[in-house]
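Working notes for the structure below.
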Amino acid sequence: MAEVVLSVKNLTVKRGSHTIIDNISFDIPKGETFSIIGPNGAGKTTLFKAILGLIKYEGQVEWKRDIKISYVPQRFYIDSELPITTQEFLKLKTNSEEKIREVLESVGLKNSDAHVKNVKEHILDNRLGDLSGGELQRAVIAWSLLGNPEVLLFDEPTAGVDVVGEETIYSLLQKLKETHGMTILLISHELEIVRKYTTTVLCLNKEQVCYGPPSLVLNEKTIDKLFGEEMHYYHHKHKN
Amino acid sequence: MEIGNIIFLTLTGALVAASSAYVGSIMVLKRMSLVGDALSHVALPGMAIALALGISPIVGAFVFLSFAVLGIWYLEKNSDTYPEALVGLFFTASLAIGVLITKEVDLLEALFGSIEKISVYEGLATIVLSVSVIIVTSLFVKKLMITVISEELAQTSSERISMINLLYYVLVAVIVSIGIRFVGTLLTGSLVIVPAVASKNISKSMKGYFLMSALFGVISAVVGIPLSKGLLLPSGPVVVLVSVAIFIITFFYKKLLTR
């Protein structure tokens, strides 16, 4: 079995007397795509913040020593009048133009001959706040790739991106995993996407509802328990 | 007043305005403009005590402002919602206390500044401080900008974000302290904020934004100080009104562009 990059044991997060997540345990081996699914308010983002050490928690969170982690937050709201170009945004992290070109290529903002002018004019020299939802998400992924992280945490990759863009963000993540050997942690609420791209899934609704490969654990019973009846029927209809 | 003196004061004022505008442009992006303004009121009791003790009011202002920025830093770090109302209450209370304990003869000077009273030593110290603030800010500006874009990105991508924020607040305390001598406690906030919002109206890139902010600050001082001397008016309000005029021009320029 591959080396474990993250081991979480009995993780509990409380806010005052209110328990947000209760006793969660899981291990993530290197190179996995690990999904966390659950309804709104289930504590998914809280779980991310806890394992990143951004908030207080009880229990154990152990990362592999000296591992490089990047985080793409869920709501990446950019003031459309924020005076910063995409190029400057990426340069906050590196001075190397070569590296910037590299990461832009890995996120599909290619500098091919036909597009060289496009990328420069429409992406790099444009205000970060003027990018479309999909472009911004790619730019933020590009930013998170600078510094060669081994683990990428991604909170709801599709939020704010149109349906055509959705598919490409996931295939992009898949590609990154293959080419960079990265471990990816995703928060998602789209079951089909989770089934298609994920090696292990953790169902979260305050407590750990399921944990394992999606083909084994994402059955109607767990989905019912996780999302309630409504989702079950929706899912059923979708499958037929 | 001799010409040489006016030139010296204008140069000093220009550097104060440039450093205030540079630091202030980050403050505007951090959406802390009003905090920056309220912050300057805390300086008043400090200045009153310094004047009573016969030391430079800049020193008194800086000591009080340092405590205030530590307070802001602590609240920001340890509280989920930024308690802006509390900050406002505390700062206006300082202003009230300051007005009560400042001697009447010094009050107008403390509230609206008086560059005529700046000694050569104070002027030189101000020049050194302004230049230092500009240099230190430029060393940390990238990390500060990451905090502006997303506090979460900053927390996960940069090592000591809380220390960088603290350093930034200390820079704010320094520029407010030196700005007060020029335009007074009531108007320092505008030295920090107005050039930056004027620049934000017309800037697309970060580089342009910072450069234009500093430039607008410099123009406000270089036009405002000699103008106030010529018109025999107090310099603080004139400098501030010049910067407001620049803001109005950029505002309409932006309207024209986006129409």
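Chains as they are written, first to last, in the numbering used here: chain A, 1 to 240; chain B, 1001 to 1259.
Just so you know, even glycine gets a beta-carbon here, dropped at the ideal spot from N, CA and C.
Rounded to the nearest whole angstrom, the CA to CA distance from A/N23 to A/C203 is 13 Å. Boundaries of the beta strand (DSSP E) around A/H18: 18–29. DSSP lists no bridge partner for A/Q74. Among the residues of chain B, those whose CB is under 7 Å from the CB of A/E81 are K1200, following chain order. In this structure, the straight-line span from the alpha carbon of B/S1056 to that of B/Q1155 is close to 39 Å. Of all alpha-carbon atoms in B/M1027, B/S1190, B/L1107, B/S1205, the one lying nearest the alpha-carbon of B/A1052 is that of B/L1107. Using beta-carbon distances, A/L136 does not count as an interface residue toward chain B, since no partner is under 8 Å. Contact of B/L1153 with chain A is assigned, a C-beta pair being separated by under 8 Å. Closer than 8 Å to the CB of B/L1029 there is at least one CB belonging to chain A.
Interface annotation for the region 1201–1229 of chain B against chain A: S1203, K1204, S1205, M1206, K1207, G1208, Y1209, criterion Cβ-Cβ distance under 8 Å.
Within the region 129–196 of chain A, the runs of alpha helix (DSSP H) that reach at least 4 residues and sit entirely inside it are, in chain order, 133–145, 163–180. According to the DSSP assignment, A/E62 belongs to the beta strand (DSSP E) that extends over 58–63. Shown here, B/N1078 sits in a helix according to DSSP, grouped into three states. Taking a Cβ-Cβ threshold of 9 Å, none of the residues of chain B is close to A/I141; the smallest such distance is about 12 Å.
Here A/N40 carries a coil assignment [DSSP, helix/strand/coil].
For chain A, none of the residues of the region 1245–1256 of chain B brings a beta carbon within less than 8 Å of one of its beta carbons.
Here the alpha carbon of A/V209 sits roughly 40 Å from the alpha carbon of A/L92. Within chain A, the residues whose beta carbon sits less than 7 Å from that of B/K1142 are L92, listed in sequence order. When C-beta atoms of the region 1146–1154 of chain B are compared with those of the region 216–225 of chain A, fewer than three pairs fall below 8 Å, so the two segments do not count as touching. The bridge partners DSSP lists for A/R15 are A/H18. Within the region 168–199 of chain A, no residue places its CB atom closer than 9 Å to a CB of chain B. Contact with chain A is absent for B/M1032, since none of that chain's Cβ atoms lies less than 8 Å from the residue's Cβ. For B/K1229, the number of other beta carbons within 10 angstroms of its own is at least 16, and it is reported as buried. In chain A, no part has a C-beta under 8 Å from the C-beta of B/T1137; the shortest such distance is about 15 Å. Here B/F1140 has I1164, L1167, Y1168 as same chain residues with Cβ atoms under 8 Å from its own Cβ, once five neighbours each way along the sequence are excluded.
Residue range 1161–1183 is occupied by the alpha helix (DSSP H) that includes B/N1165. For B/I1007, no CB of chain A lies under 8 Å from its own CB, so it is not counted at the interface with that chain.
For B/I1193, no CB of chain A lies under 8 Å from its own CB, so it is not counted at the interface with that chain.
In this structure, the straight-line span from the alpha carbon of A/S80 to that of A/V194 is close to 32 Å. A check of alpha carbon separations from B/I1146 across A/V140, A/I36, A/V201 identifies A/V140 as the nearest. Between B/S1199 and the set B/F1252, B/A1014, B/N1005, the nearest pair of CA atoms involves B/F1252. Taking CB atoms only, B/S1150 has a neighbour in chain A less than 8 Å away. With its beta carbon less than 8 Å from one in chain B, A/R127 belongs to the interface. Boundaries of the alpha helix (DSSP H) harbouring B/L1039: 1033–1041, taken from the DSSP string.
The continuous alpha helix (DSSP H) containing B/L1086 extends over residues 1084–1101. Of all C-beta pairs linking the region 1200–1217 of chain B to the region 1084–1096 of chain B, fewer than three are shorter than 8 Å, placing the two stretches out of contact.
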